[in-house]
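Structure record follows, encoded as structure tokens.
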Amino acid sequence: DGHRGYLLELLLTKLRFVALTGQNRDQEGSQLQKDQSQVMRASQQEEETASLQVIGMSATLPNLSLLADWLDARLYVTDYRPVPLTHRLLCANVIYDTNLHPIAELCDKEKMSANDQDGVLQACLEPLLEGYSVLVFCPTRARTETMAVAIARHIYNIGNGTGNRQQSSSSSLRSAVRDALDGAALLRVLQALQSCPAGLDKTLACSLQYGSAFHHAGLTIEERDIVEASFRSGIVRVLVATTTLSSGVNLPARRVIIRTPIQAGGKLLDPLSYH
Numbered sequence: 252d253g254h255r256g257y258l259l260e261l262l263l264t265k266l267r268f269v270a271l272t273g274q275n276r277d278q279e280g281s282q283l284q285k286d287q288s289q290v291m292r293a294s295q296q297e298e299e300t301a302s303l304q305v306i307g308m309s310a311t312l313p314n315l316s317l318l319a320d321w322l323d324a325r326l327y328v329t330d331y332r333p334v335p336l337t338h339r340l341l342c343a344n345v346i347y348d349t350n351l352h353p354i355a356e357l358c359d360k361e362k363m364s365a366n367d368q369d370g371v372l373q374a375c376l377e378p379l380l381e382g383y384s385v386l387v388f389c390p391t392r393a394r395t396e397t398m399a400v401a402i403a404r405h406i407y408n409i410g411n412g413t414g415n416r417q418q419s420s421s422s423s424l425r426s427a428v429r430d431a432l433d434g435a436a437l438l439r440v441l442q443a444l445q446s447c448p449a450g451l452d453k454t455l456a457c458s459l460q461y462g463s464a465f466h467h468a469g470l471t472i473e474e475r476d477i478v479e480a481s482f483r484s485g486i487v488r489v490l491v492a493t494t495t496l497s498s499g500v501n502l503p504a505r506r507v508i509i510r511t512p513i514q515a516g517g518k519l520l521d522p523l524s525y526h
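Take 252 as the starting number for the sequence shown in this note's numbering and just add one per residue.
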């Protein structure tokens, strides 16, 4: 975050200064206390040196080795993940791996909704039916709202049997969609948003009642907190957001969909934001 980077630099500089000051005091003290035993001097140095210990963690910094050298710190790097991360590319209903080799089709073309030509709605539906949550990133605020409403409409059509003929004839699919959503909990979230000073956003109310919500800087802090908490607790199953959500927010999601690598202003998605 370029707006707060200088604060981190100032903090690290102060910590570095304190650490160097402590080291200088250790050296002066050792010169004045030569008459003390080797054991006493070693134990005192360990205690004074250990008076300041800073542990920093980052998943995005590209120059960790340079930062570690400047801080005179030990660097530990690991690629361990408690949940494996798999990268896939979806294009024209075909799923590709990172080498652009086709793996499988997302679903039968006959089951594709007429409003889901790129398969994003179906890609959101699969984890929802399995009891998991989905995070979708869009480049602009307007796109997040449009996509959240489209996902909510897709869920509504399937749950009420008003989609295409294949989906309308599947009573098991309708039941699965209804069971995946907690209507009472969603109603409580709507009531909480209604009590906010800004009131309940009409577009958010339209999508949220079917388990889909959007998140961007146009919402108030209270609204964003409620939406994040609802998604974290599993009440909101699909959250559509701009890339600002990825900064400092850790949310559980079975599947993360990046709608397009082109961000607002025609810029490519920042690799640090992606990772």
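Every residue, glycine too, gets a C-beta built ideally from N, C-alpha and C.
Report the residue ranges of all alpha helix (DSSP H) runs contained in full by the stretch 320-361; include only those spanning at least 4 residues, in chain order.
none
Closest by C-alpha distance to Pro333, when choosing among Pro448, Tyr461, Arg505 and Arg267:
In the sequence shown, counting from the first residue as 1, residue 333 sits at position 82. The candidate whose alpha carbon is nearest that of Pro333 is Arg505.
Do Ser458 and Ala393 have their beta-carbon atoms positioned less than 7 Å apart in this structure?
Residue numbering aside, residue 393 sits at position 142 when the sequence shown is read from its first letter. Residue numbering aside, residue 458 sits at position 207 when the sequence shown is read from its first letter. Taking 7 Å as the Cβ cut-off, Ala393 and Ser458 do not qualify as a contacting pair.
Using the Cβ count rule (16 or more neighbours within 10 Å means buried), how would you classify Asp367?
As a position in the sequence shown, residue 367 is number 116, starting the count at 1. The residue in question, Asp367, is buried, as its Cβ has 16 or more Cβ neighbours within 10 Å.
Proximal residues to Leu261 (C-beta, below 7 Å), its chain only, five neighbours per side dropped:
Mapped onto the sequence shown, residue 261 falls at position 10. Excluding positions up to five away in sequence, the list is empty.
Would DSSP call His466 helix, strand or coil?
Counted from its first residue, the sequence shown places residue 466 at position 215. In the structure shown, His466 sits in a strand (DSSP, three-state: E or B).
Three-state secondary structure assigned by DSSP to Val507
Position 256 of the sequence shown, counted from the first residue, corresponds to residue 507. Here Val507 sits in strand by DSSP.
Skipping 5 residues on each side, what residues in its chain have a beta carbon closer than 6 Å to that of Val478?
By one-based count along the sequence shown, residue 478 stands at place 227. Same-chain partners within the cutoff: Ala464 and His466.
For Leu379, tell me which candidate among Phe268, His352 and Gly410 has the shortest Cα-Cα distance.
Working through the sequence shown from its first residue, we reach residue 379 at position 128. Looking at the Cα atoms, Gly410 is the closest of the given residues.
For Ala310, which three-state DSSP category applies?
For the purposes of this step, residue 310 is identified with residue 59 of the sequence shown, where counting begins at 1. Three-state result, Ala310: coil.
For Thr329, the nearest candidate out of Leu315, Leu322 and His338 (CA to CA):
Counting from 1 along the sequence shown, the entry for residue 329 is found at position 78. Considering only Leu315, Leu322 and His338, the residue with the shortest C-alpha distance to Thr329 is Leu315.
Residue range of the alpha helix (DSSP H) that includes Ala374
Against the sequence shown, residue 374 aligns to sequence position 123. Segment Val371 to Leu380, the alpha helix (DSSP H) holding Ala374.
Can you name, in chain order, every residue of its own chain whose Cβ lies under 7 Å from the Cβ of His338, other than the five neighbours on each side?
Counted from its first residue, the sequence shown places residue 338 at position 87. Correct list, in chain order: Thr349.
Within a Cβ cutoff of 6 Å, which residues of the same chain sit near Met308, ignoring the five residues on either side of it in sequence?
For this step, residue 308 is matched to residue 57 along the sequence shown. Leaving aside the five residues that flank Met308 on each side, none in its chain has a CB nearer than 6 Å to its CB.
Ser420 versus Thr471 - alpha carbon distance:
As a working note, residue 420 is residue 169 in the sequence shown. As a working note, residue 471 is residue 220 in the sequence shown. The predicted model places Ser420 with a pLDDT of 44, which falls under 50 and marks its position as unreliable; any figure quoted below should be read in that light. Taking the straight line joining both Cα atoms gives about 41 Å.
Measure how close the beta-carbons of Gly370 and Leu357 come, nearest whole angstrom, since I'm counting them as under 8 Å.
The sequence position of residue 370 within the sequence shown is 119, counting from 1. The sequence position of residue 357 within the sequence shown is 106, counting from 1. The pair is a contact, with the Cβ atoms about 5 Å apart (cut-off 8 Å).
Could you check the C-alpha separation between Pro503 and Leu322 for me, to the nearest Å?
Against the sequence shown, residue 503 aligns to sequence position 252. Against the sequence shown, residue 322 aligns to sequence position 71. Going by the C-alpha atoms only, they are around 33 Å apart.
State the DSSP-derived secondary structure class of Ile477, mapped to helix, strand or coil.
Taking the first residue of the sequence shown as position 1, residue 477 is located at position 226. Looking at Ile477 - three-state DSSP - the assignment turns out to be helix.
Can you give me the Cβ contacts of Gly516 inside the same chain, cut-off strictly under 8 Å, excluding the 5 residues immediately before and after it?
Position 265 of the sequence shown, counting from 1, holds the residue named residue 516. Close CB contacts of Gly516 within its chain, under the 8 Å cut and outside five residues either way in sequence, are absent.
Quick one: what's got a C-beta closer than 7 Å to Pro512's C-beta in the same chain, skipping five residues either side?
The residue labelled residue 512 in the question sits at position 261 within the sequence shown. Within the same chain, Pro512 has close Cβ partners Leu519 and Leu520.
What does DSSP give as the partner residue(s) for Val387 in the beta ladder?
Counting from one through the sequence shown, the residue named residue 387 turns up at place 136. Beta-bridge pairing links Val387 to Val491 and Ile508.
What do you reckon, are the CB atoms on Asp433 and Ile486 nearer than 7 Å?
By 1-based counting over the sequence shown, the position of residue 433 is 182. By 1-based counting over the sequence shown, the position of residue 486 is 235. A contact, by the Cβ cut-off of 7 Å.
Alpha carbon to alpha carbon, how far is Ala449 from Gln442?
Stepping through the sequence shown from its first residue, residue 449 is reached at position 198. Stepping through the sequence shown from its first residue, residue 442 is reached at position 191. In a straight line, the C-alpha of Ala449 is about 13 Å away from that of Gln442.
Would Thr391 and Val491 be called neighbours here (beta carbons separated by less than 7 Å)?
Locating residue 391 in the sequence shown gives position 140, counting from the first residue. Locating residue 491 in the sequence shown gives position 240, counting from the first residue. In this structure, Val491 does not lie closer than 7 Å to Thr391 by Cβ.
Quick check: what's the CA-CA separation for Ala427 versus Thr494?
Numbered from 1 along the sequence shown, position 176 holds the residue referred to as residue 427. Numbered from 1 along the sequence shown, position 243 holds the residue referred to as residue 494. For Ala427 and Thr494, the distance between alpha carbons rounds to 31 Å.
Give me, in chain order, the residues of the same chain whose beta-carbon lies closer than 6 Å to that of Leu263; leave out the 5 immediate sequence neighbours on both sides.
If you number the sequence shown from 1, residue 263 lands on position 12. Contacts found: none.
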